[in-house]
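Chemist: Residue numbers (our numbering), protein chains in the order written: chain A, 342 to 466; chain B, 142 to 385.
Quick reminder that beta carbons are idealized off the backbone N, C-alpha and C, glycines included.
Take a look at the following structure, please.
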Amino acid sequence: QAGSMRSEVPLPSWEHGGPESTQCSLHPFQVSFHQLGWDHWIIAPHLYTPNYCKGTCPRVLRYGLNSPNHAIIQNLVNELVDQSVPQPSCVPYKYVPISILLVDANGSILYKEYEDMIAQSCTCR
Amino acid sequence: KAGKPSLALLAEAPTLPLIWELLEEAPVKQQRKPHVLGHPLRYMLELYQRSADTHGHPRENRTIGATMVRLVRPLLNIARPLRGPWHMQTLDFPLRSSRVAYQLVRATVVYRHQLHLNHLHLSCHVEPWVQKSQTYSFLPSRRGSSKPSMLSETWTEMDITQHIQQRLWNHKGRRILRLNFMCQPQKGSKVLELRWHGTSSLDTAFLVLYFNDTHKSVRNIKVLPRDPKEFMNNDSSLLLRRTR
Chain A
342 QAGSMRSEVP LPSWEHGGPE STQCSLHPFQ VSFHQLGWDH WIIAPHLYTP
392 NYCKGTCPRV LRYGLNSPNH AIIQNLVNEL VDQSVPQPSC VPYKYVPISI
442 LLVDANGSIL YKEYEDMIAQ SCTCR
Chain B
142 KAGKPSLALL AEAPTLPLIW ELLEEAPVKQ QRKPHVLGHP LRYMLELYQR
192 SADTHGHPRE NRTIGATMVR LVRPLLNIAR PLRGPWHMQT LDFPLRSSRV
242 AYQLVRATVV YRHQLHLNHL HLSCHVEPWV QKSQTYSFLP SRRGSSKPSM
292 LSETWTEMDI TQHIQQRLWN HKGRRILRLN FMCQPQKGSK VLELRWHGTS
342 SLDTAFLVLY FNDTHKSVRN IKVLPRDPKE FMNNDSSLLL RRTR
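See below:
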C-alpha cells in the first residue's frame, strides 16, 4: 500500500541528488576515557569508539535502513495528516560490546564485557 | 555544569542501569587509581589482551568462558610461627555480595609455588582454612592445578570453584574466603629462622572469580500463567522454575 502512495509524496530536495552526507548514517567517533573523566579507574582500553548516528531520515524509508512499519506510518502521518507528529529519527540499529579492564575502589581488578556500547549501524525509527 | 565529574553528572540519571553499574564499580569521585602493580595486574592485562583487541572489541575466539572476571587480593596477612618444617600465612579474601544478575562459573587461586625468601628456597601450596573442630577433606594441594601460562614458572593456578560454591557462595552477609598459604624449605635447604617480612600476601596469592551475565536469560523467562490449570498443563520446566 505504501508503495502506491509513494509517488504522491514529494521528495525532499536532497533525494534529487542533494548532499548524501545529510542522510542518516553511521559516523565514526572516538573518545578517550581521559576525556570522559574515567581514566582514574579504567586501565584498558585507552580509547573508546562509540560512534554515532546522524542525518535526515528520508521520507521514503528504503529497505537498507531496517525501519519498522511504524516508522513508515509515522512518516506518512507527518506528511499527510499532522506535521506536529515528528518524522522518524536517525538512531543506532545494531550495537557491539566493549571489554573493559578496570580497578575498583577496593583495589580489585575487573575484566568486564559491557553490551551495546558501540553503534555499528543506523536506522530510522 | 563545568568542572563536575562526569560520573557525578550521570548519577543524576539513576534510572539508567549502566550508570548504576558504573557507579558501583568506579572509585568515589576523582580519587587516584588504586595502586595495583606486579603479578595481579600483569595477570589481568594478559587475560584482557587474550580476550579483547586494542580497541576493546571482544575477540570472537576468546576462551575466557565468562563475561566478567574479578581479581581479588587478600585483606589480611597473618603470619604464623614455625610449626614443624612448615611456614604459614593466613590469607583472607573478601567476597562481595553476589549480584543476582551474575552467576559464579569458576574460581581459582593463583599463588607462588616457589618462593625465595631470606636466601631460602621454599615450596608452597594453598589450602582452605578450616576450624579445628571441623573435619574437611580438600583436594590435595596440587591436584587440579596448573601453571598459568600468563605467569612465570613460579606461579600455579588451582581451581577452587567447588569449595567456594559449596561452602561460601550462598551464605548471606559478609563472606570471607580464608586460605592457608603454606611453605616448607626445599630439599637440601637448611631450616633457618624465617620471617615473612618483605613478602606481602599480595605477592604470594590472589583469587580470580569468573562470572557470567544472566541478564539475557532473566529477560527471556516467560511470564507465568495466572490460572493454575493453565500452569499445570504447561511445560514442566515452568513448574521447576516456579519451585526454584
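#1: Using CA coordinates, which residue listed in Asn416(A), Lys435(A), Tyr455(A) and Ala385(A) is at the minimum distance from serine 366(A)?
#2: Note down the Cα distance separating serine 373(A) from threonine 464(A), rounded to an integer number of angstroms.
#3: With 16 other CB atoms within 10 Å as the buried threshold, where does arginine 253(B) fall?
#4: DSSP state of glutamate 201(B), grouped into three classes?
#5: Identify the continuous beta strand (DSSP E) that holds histidine 262(B) and give its terminal residues.
#6: Roughly how many whole angstroms lie between the Cα atoms of glutamine 428(A) and leucine 406(A)?
#7: Say whether chain A places a C-beta atom closer than 9 Å to the C-beta of arginine 211(B).
#8: Please state whether the Cβ-Cβ distance between glycine 448(A) and arginine 200(B) is less than 9 Å.
#9: Can you list, in chain order, the residues of its chain whose CB lies under 7 Å from that of tyrosine 393(A), leaving out five sequence neighbours each side?
#10: Tell me whether the beta-carbon of aspartate 344(B) lies closer than 9 Å to the beta-carbon of glycine 197(B).
#11: Leaving aside the five residues before and after alanine 193(B) along the sequence, list all residues of the same chain whose C-beta is less than 7 Å from its C-beta, in chain order.
#12: Give a single yes or no on whether proline 215(B) has its beta carbon closer than 8 Å to a heavy atom of the ligand COA.
#13: Is the separation between the beta-carbon of leucine 245(B) and that of tyrosine 351(B) shorter than 9 Å?
#14: At a CB distance below 9 Å, what residues from the region 426-438 of chain A approach chain B? Give them in sequence order.
#15: Looking at chain A, which residues of the region 174-206 of chain B have a Cβ within less than 9 Å of any of its Cβ atoms?
Modeler: With the structure as the only source:
#1: Minimum Cα-Cα distance from serine 366(A) among the listed residues Asn416(A), Lys435(A), Tyr455(A) and Ala385(A) corresponds to Lys435(A).
#2: Note on geometry: alpha-carbon atoms of serine 373(A) and threonine 464(A) lie some 26 Å from one another.
#3: Buried: at least 16 other Cβ atoms inside 10 Å.
#4: Coil at glutamate 201(B), not helix or strand.
#5: Counting along the chain, the beta strand (DSSP E) containing histidine 262(B) begins and ends at 261-269.
#6: Computed Cα separation, rounded: 14 Å.
#7: Interface with chain A (9 Å Cβ-Cβ cutoff): arginine 211(B) is included.
#8: Judged by beta-carbon spacing, arginine 200(B) lies beyond the 9 Å limit of glycine 448(A), meaning their Cβ atoms are not closer than that value.
#9: Shown here for tyrosine 393(A): same chain residues with a beta carbon closer than 7 Å to its own, the five before and five after excluded, namely His368, Phe370 and Ala460 in chain order.
#10: Contact: no.
#11: Counting only residues of its own chain and dropping the five nearest sequence neighbours on each side, alanine 193(B) has a CB closer than 7 Å to the CB of Pro199 and Arg200.
#12: Only the bare structure without any ligand can be found here, which leaves the ligand COA out of the picture.
#13: Cβ atoms of leucine 245(B) and tyrosine 351(B): closer than 9 Å.
#14: For the region 426-438 of chain A, which is checked against every Cβ of chain B, the residues closer than 9 Å are Val437 and Pro438.
#15: From the region 174-206 of chain B, only Lys174, Pro175, His176, Val177, Pro181, Leu182, Tyr184, Met185, Leu186, Leu188, Tyr189, Gln190, Ser192, Ala193, Asp194, Thr195, His196, Gly197, His198, Pro199, Arg200, Arg203 and Ile205 have a Cβ closer than 9 Å to chain A.
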